[in-house]
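K.L.:
There are 2 protein chains.
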Amino acid sequence: MPIDKIAALRATSLFSGLEERVLVALAERAIEHTLRRGEVLFVGGEDARGLYVVVSGSVRAFRESLEGREQVIHVERAGATLAEVPVFDDGAYPSTAAAEEDSVVLFLDKRDVKRLCVEHPELALAALKLMAGRIRRAAELIETLSLHEVDQRLARLLLAEARTRGAKDAGGMTVELVLTNQQLAARIGTVREVISRALQRLQQNGLISIEGRRVAIADEEALASYAGE
Amino acid sequence: MPIDKIAALRATSLFSGLEERVLVALAERAIEHTLRRGEVLFVGGEDARGLYVVVSGSVRAFRESLEGREQVIHVERAGATLAEVPVFDDGAYPSTAAAEEDSVVLFLDKRDVKRLCVEHPELALAALKLMAGRIRRAAELIETLSLHEVDQRLARLLLAEARTRGAKDAGGMTVELVLTNQQLAARIGTVREVISRALQRLQQNGLISIEGRRVAIADEEALASYAGE
DNA sequence: GGCGGGCAGTGACTTTAGTCATCGGTCAGT
DNA sequence: ACTGACCGATGACTAAAGTCACTGCCCGCC
Numbered sequence: 008m009p010i011d012k013i014a015a016l017r018a019t020s021l022f023s024g025l026e027e028r029v030l031v032a033l034a035e036r037a038i039e040h041t042l043r044r045g046e047v048l049f050v051g052g053e054d055a056r057g058l059y060v061v062v063s064g065s066v067r068a069f070r071e072s073l074e075g076r077e078q079v080i081h082v083e084r085a086g087a088t089l090a091e092v093p094v095f096d097d098g099a100y101p102s103t104a105a106a107e108e109d110s111v112v113l114f115l116d117k118r119d120v121k122r123l124c125v126e127h128p129e130l131a132l133a134a135l136k137l138m139a140g141r142i143r144r145a146a147e148l149i150e151t152l153s154l155h156e157v158d159q160r161l162a163r164l165l166l167a168e169a170r171t172r173g174a175k176d177a178g179g180m181t182v183e184l185v186l187t188n189q190q191l192a193a194r195i196g197t198v199r200e201v202i203s204r205a206l207q208r209l210q211q212n213g214l215i216s217i218e219g220r221r222v223a224i225a226d227e228e229a230l231a232s233y234a235g236e
Numbered sequence: 008m009p010i011d012k013i014a015a016l017r018a019t020s021l022f023s024g025l026e027e028r029v030l031v032a033l034a035e036r037a038i039e040h041t042l043r044r045g046e047v048l049f050v051g052g053e054d055a056r057g058l059y060v061v062v063s064g065s066v067r068a069f070r071e072s073l074e075g076r077e078q079v080i081h082v083e084r085a086g087a088t089l090a091e092v093p094v095f096d097d098g099a100y101p102s103t104a105a106a107e108e109d110s111v112v113l114f115l116d117k118r119d120v121k122r123l124c125v126e127h128p129e130l131a132l133a134a135l136k137l138m139a140g141r142i143r144r145a146a147e148l149i150e151t152l153s154l155h156e157v158d159q160r161l162a163r164l165l166l167a168e169a170r171t172r173g174a175k176d177a178g179g180m181t182v183e184l185v186l187t188n189q190q191l192a193a194r195i196g197t198v199r200e201v202i203s204r205a206l207q208r209l210q211q212n213g214l215i216s217i218e219g220r221r222v223a224i225a226d227e228e229a230l231a232s233y234a235g236e
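Protein sequence lines, in the order shown, are assigned to chains A and B. Here the first sequence is numbered in our numbering, starting from 8 and rising by one per residue. Here the second sequence is numbered in our numbering, starting from 8 and rising by one per residue.
#1: For M8/A, count the other beta carbons within 10 Å of its own beta carbon; 16 or more makes it buried, fewer makes it exposed. Which is it?
#2: Let me know if K175/B comes out buried or exposed under the rule of 16 or more other beta-carbons within 10 Å of its beta-carbon.
#3: Can you find a CB in chain B that lies within less than 8 Å of the CB of R76/A?
#4: Please confirm if L115/B has its CB atom under 8 Å from at least one CB of chain A.
#5: Is there a C-beta anywhere in chain A that falls below 8 Å from the one on V47/B?
#6: Going by DSSP in three states, L230/B sits in which element: helix, strand or coil?
#7: Return helix, strand or coil for G196/B, following the three-state DSSP convention.
#8: What are the residues in the segment 167-187 of chain A lying within 9 Å of chain B by C-beta distance?
#9: Taking a cut of 8 Å between CB atoms, which residues from the segment 130-152 of chain B lie near chain A?
#10: Residue range of the beta strand (DSSP E) that V66/A falls in?
#11: Mind checking who S203/A pairs with in its DSSP beta bridge?
#12: Cα-Cα, which of E126/A, N212/A, G213/A and A167/A is closest to L191/A?
#13: Could you list the residues in the segment 77-92 of chain B with a C-beta less than 7 Å from some C-beta on chain A, going in chain order?
#14: I need the DSSP call for A18/B, collapsed to helix, strand or coil.
#15: Name the chain B residues that come within less than 8 Å of R17/A, Cβ to Cβ?
#16: Three or more beta-carbon pairs under 8 Å between the segment 98-116 of chain A and the segment 83-94 of chain B, yes or no?
#17: Using a Cβ cut-off of 8 Å (strictly closer), state whether R70/B contacts chain A.
#18: Considering E77/B, what are the terminal residues of the beta strand (DSSP E) in which it resides?
#19: Between D119/B and chain A, is there a C-beta pair that is closer than 8 Å?
#20: Could you check what DSSP says for S110/A in three-state terms: helix, strand or coil?
#21: Taking the alpha carbon of L62/A as the reference point, which residue from L230/A, E26/A, L16/A and F69/A has its own alpha carbon closest?
#22: Could one say the Cβ of A14/A lies closer than 8 Å to chain B's Cβ atoms, at least one of them?
#23: Since R221/A is in the beta strand (DSSP E), which residue starts that stretch and which ends it?
#24: Have a look at V79/A, D97/A, R44/A and G140/A and flag the residue whose alpha-carbon is nearest the alpha-carbon of R118/A.
#25: Which of helix, strand or coil does DSSP assign to E39/A?
#26: Compare the beta carbon distance of F78/B and L154/A with 8 Å and say whether it is the shorter of the two.
#27: Cα-Cα, which of S232/B, I224/B, L123/B and T19/B is closest to A85/B?
#28: For G64/A and S110/A, which I take to be in contact (beta-carbon distance under 8 Å), what is that distance rounded to the nearest angstrom?
Structure follows, in C-alpha cells:
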C-alpha cells in the first residue's frame, strides 16, 4: 500500500504551512523508505543529502561511544522531521539515526527544502521555530547530564513519559513504560543496571511505585521537586 | 565614546548579508549596554524581548544548579549573537547569560529581527545556519558529557583552545590558558579540584606539559586520539 | 514442550568523581 | 607594607556510577 505523501508532509509542523500546490510538488520528489526496528537510517559524519520526515513509527538520533554505549539526542515520531541541521549548514549528519520500531520515512533533497525556504518565508520561520525548540531541548539535556544525578535524571524522564503518555487517575498518574531499561539508560546517559537500581531507590523514597513495567506517580509535585524542576 | 552600531552589526555573521540601508535602520533601534566582568545580562526563564549582539568582550550562556555549580552551554565573543532562540519561538530566555570579561552588547527587539527575517530571506538563511551550528555544538557537548570521562573532556577542550588561540611551533602547539580551573570545570561539567588533577594526569601520561598556565601539546594527534576524536 | 534470546534484578567489587579542609602564592587596593 | 580576595595544588575521605558475573523470567519459535 503506497502511503499518502502529501498527507504525510501536511502532518508535519515544518511543512504544514505550505500551500497545497507546493506541497504536491514537494511530495512528488519525496522518496519513501521503510525501516525495520533497529535499522540504521544514516550514520553521523556521513555526507548528508537531505532531511527525513517520519511518517509512522519513531526514529532516534544518537551518538555512540567506542565501547558501544549510546546517548540518545532526540527521538522523533510521526509528524516530525529529522536531520534539518545539514540542510542549512551543508555539513554531515550530526548524529546517527535508527528506527526505534518499524517505521516509514520520506526523504527530501536538501536543495529542494532550502529553495522552498527562500521562496516561502513562512517555511523559513517554521524551520527557525523547529530548530529553536531543538536548541532548548538540547540545553535541557546538557543541564541534566551535567548538574543532576542519575536518580534525578530518571525522575525527570519518568515525569516526561507520564505527562505525554500517562493516564491521570484518582491517586495521581500512571504510565506503562514502553522503554526497556536499556533504552531509558541511553536517554539519561547511564547503563542498564543503574536504571534498575535507580528505579528501586525512587520507589524506596516513596516517589513512585512500580508493578511490573507500570509506574505510578502518586504525587507529581513531589517527584518534580525531587527532580529539581 | 559611542560605539559604531552599524559596524558592529555588519561584523556579525547573522546580519552581515543585509544591505546598508537596512543595517542603518536596524542600528538606529539597537540599544547599547555595557557590562562589567561577571555582570548578568539576562536570567534563564525570564521573559525574552530580543536578542543581543556582542560588540566587544565575551558573554557566556550557562545553567546553574541549586548548589551553585555552573554548566556553560556556549560562549560568544565579539561578532556573535546571543539568545536568537526566543526570537523564533517566543519563549523565555533558555539560559542565563553573564559577561566573562568587561563587554559591550547591543540589544535588538525580537519583533524587528523576526520581521527582517520575513522580508530578507538571506537573513533567515543566515539565522538557520547559525542555529544549525548551535545544534551541532550542543550535540557534541551532550556526547562528551555523557560518553567521555573528565580527562578526555578536558583533552578535547585543551585541543579546541590550542587550535583557536594557540601557537604552532617546532615541537607542537602551545596555549596560554586564559581560563581559570573554575571556568574550565564549568565548561566540561566538573569542579575545580578535578581539573587540577586531570591536568596532572594528562601531563603524567605524556600528552601535555604544563608550565604555569602554559600548556604545550607536543603531539596533537596523540592527544586527539586520547580524547576520542 | 523444549530451546534460545532478550530483559530485569542483584550481589560484589572497582573506578571515577566529588567534597572538605588546608596551604601557599599572587595581585590589587588601602 | 598589609590585607583580603582569588586562584591553584593537594591530601584524605565519601559518594556515585559503572562493571562483571550470574540468576530467573517471559515469550516466540522450531
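Even glycine gets a Cβ: it sits at the ideal position worked out from N, Cα and C.
P.N.:
Working from what's here:
#1: Here the model assigns M8/A a pLDDT of 49, short of 50, so the residue's position is not dependable, and the following value carries that caveat. It is exposed - the Cβ of M8/A has fewer than 16 other Cβ atoms within 10 Å.
#2: exposed
#3: yes
#4: no
#5: no
#6: helix
#7: coil
#8: none
#9: A131, L132, A134, L135, K136, M138, A139, G140, R141, I142, R143, A145, A146, L148, I149, E150 and L152
#10: S65 to E71
#11: None, per the DSSP bridge assignment.
#12: A167/A
#13: Q78, I80 and V92
#14: coil
#15: The premise fails here: R17/A is roughly 21 Å from chain B at the closest Cβ pair, so nothing lies under 8 Å.
#16: no
#17: yes
#18: E77 to R84
#19: no
#20: strand
#21: First, the amino acid is wrong: residue 62/A is Val here, not Leu. When only C-alpha atoms are compared, the closest one is L16/A.
#22: no
#23: R221 to I224
#24: D97/A
#25: strand
#26: A quick correction: the sequence has Gln, not Phe, at residue 78/B. Cβ atoms of Q78/B and L154/A: closer than 8 Å.
#27: T19/B
#28: 3 Å
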